Ligand code: UD1
């Protein structure tokens, strides 16, 4: 089984280029099958979540061609939308974003039969709001044997939909179906994340009529058909934030390129409170830290609040800051499972309800650790890079869902991190890095 081998203690320095946003890509790739025409999508991150979704799309009859590693041409012409088309394969159940195929297929064919989503185990993660939205648009939905959802409608009609909880997934999914509904849909209390705006922009490039994405009221005027489009996905806010946290944890100096600094403001301001220096340029940020880091308080909230997908990485940095920090998770209820692994590296963190109380220690010590979800895995990589000595991280398939060439990017910054597959590889790694 592959692992990351890491030797910590290096101040990371240099430049890293951030890829396209995974969570935007998942919505956009699903949207691309809503037309019979070809869509060319650029800046698609080559990570297992997007690769898996593309395989599922191919399995239902679309053609999917990679022009290069990050550009993919999708043509949904070959998808037969009749009843009997079921999206279910060994891959699709593993990714949460399979739910976007419900909205996309329902919009185009008024019929969708999709295996229920998997994804990282970070809490209950229901899809009741997605279903409520589809029902309001006039679809019936049924959970059928085998863990699948079937949604169908004679026709979809615009509706007024209020989301009881701000949900990224439900907002995008309802936008997808509403784009090809008859009449006007209003989504209230919509999520405002940058990837919502990106998916809406892509749909509009395909001929949809969506206004207000990025605010909490999105208005969709349904159109009869969507057409092909060319589109380039925005940079990944969370990959960028992860490298920012890594630069600070290792007391490094890293220029993080191909980012939208506005999307990073919540992360930048917390790092600055901790004593780091963050300089914003047009499409890059430089993050520097040396000396002591200070404790602070963080609470995760929907955008523009502090992103839950950065919670574990920041808590890891706070674990080696001076003083007591509080990190409150208000989006998902089970997102502190990495704390027990960090404790094995010397962290002193107590979790009470949805708050982690972190008493900073002076350093982490390398250990054999394992991850159970994507962002927690990224946090453990940060801890290992800041730690004294060697670490190995198990279950790295979770991390590969969302970080492309993670180890290579860290090596470009001078860090010691490599994928190994045996004890022998580990010995070689140790010999090489000394
Ligand atoms: C998306 C992101 C994920 C990120 C999360 C919050 C993708 C593929 N994943 O996940 O990386 O951590 O946004 O920014 O884009 N909820 C309900 N009912 C629903 C849907 C959600 O109660 O039908 C609740 C969830 O349990 C959670 C909250 O709403 O407490 C937010 O979840 P949501 O924004 O939907 O997260 P995801 O779309 O699953």
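Numbering (our numbering), first residue to last: 685 to 1118.
C-beta atoms are modelled at their ideal positions from N, C-alpha and C, and glycine is treated no differently.
As the structure is a prediction and not an experimental result, all values here were calculated from the model.
- Residue 816 sits in a helix when the DSSP states are folded into three classes.
- With respect to residue 777, residue 746 sits apart: the two C-beta atoms are not nearer than 8 Å.
- Setting aside the 5 residues that flank it on each side, residue 932 is surrounded in the same chain by 955, 958, 960, 971, 973, 977, 1001, each with a C-beta closer than 8 Å to its C-beta; the list follows chain order.
- The Cβ-Cβ distance between residue 913 and residue 897 does not fall below 8 Å.
- Taking a contact as a CB-CB distance under 8 Å, the pair residue 906 and residue 853 does not count as one, their CB atoms being some 21 Å apart.
- Rounded to the nearest angstrom, the Cβ distance from residue 1006 to residue 1042 is 11 Å, too far for a contact under 8 Å.
- Within the same chain, 1035, 1040 come within 6 Å of residue 1020 by CB-CB distance, once the 5 residues on both sides are set aside.
- For residue 792, there is no enclosing beta strand (DSSP E); the enclosing alpha helix (DSSP H) has its first and last residue at 784–793.
- Shown here, residue 872 sits in a strand according to DSSP, grouped into three states.
- Counting only runs that start and end inside the region 941–1026, the alpha helix (DSSP H) elements of at least 4 residues fall at 949–957, 995–1002.
- Look at residue 746 here: in three-state DSSP terms it is coil, with no helix or strand label.
- Boundaries cannot be given for residue 1087, as no beta strand (DSSP E) includes it and DSSP labels it neither H nor E.
- Residue 728 carries a coil assignment under DSSP once its states are collapsed to helix, strand and coil.
- Membership of residue 905 in the beta strand (DSSP E) is indicated by the continuous run 901–905.
- Looking at the DSSP output, residue 752 bridges to 755.
- Going by beta carbons, residue 997 and residue 950 fall outside the 8 Å limit.
- Between ligand 1 and residue 900, a heavy atom-to-CB distance of less than 7 Å is absent.
- The region 1081–1094 makes no contact with the region 1012–1031; the number of CB pairs closer than 8 Å stays below 3.
- 860 is the residue among 872, 860, 766 whose C-alpha sits nearest the C-alpha of residue 890.
- By DSSP's assignment, residue 695 forms no beta bridge with any residue.
- Taken from the Cβ of residue 707, at least one heavy atom of ligand 1 lies inside 7 Å.
- Taken atom to atom, the span from the alpha-carbon of residue 737 to that of residue 714 is near 8 Å.
- Taken atom to atom, the span from the alpha-carbon of residue 705 to that of residue 811 is near 22 Å.
- If the five residues before and after residue 1096 are omitted, its C-beta is found closer than 8 Å to the C-beta atoms of 698, 699, 700, all from its own chain and listed in chain order.
- With contacts defined as CB atoms closer than 8 Å, residue 921 and residue 878 qualify as a contacting pair.
- Residue state for residue 1057 is assigned as coil, using DSSP reduced to three classes.
- Listed in chain order, the beta strand (DSSP E) runs fully inside the region 831–887 are 832–836, 844–846, 868–872, counting runs of at least 3 residues.
- For the 8 Å CB-CB criterion, residue 787 and residue 857 form a contact.
- Counting every other CB atom within 10 Å of its CB across the protein chains shown gives residue 1092 a total below 16, marking it as exposed.
- For residue 781, the distance from the CB to the nearest heavy atom of ligand 1 is below 7 Å.
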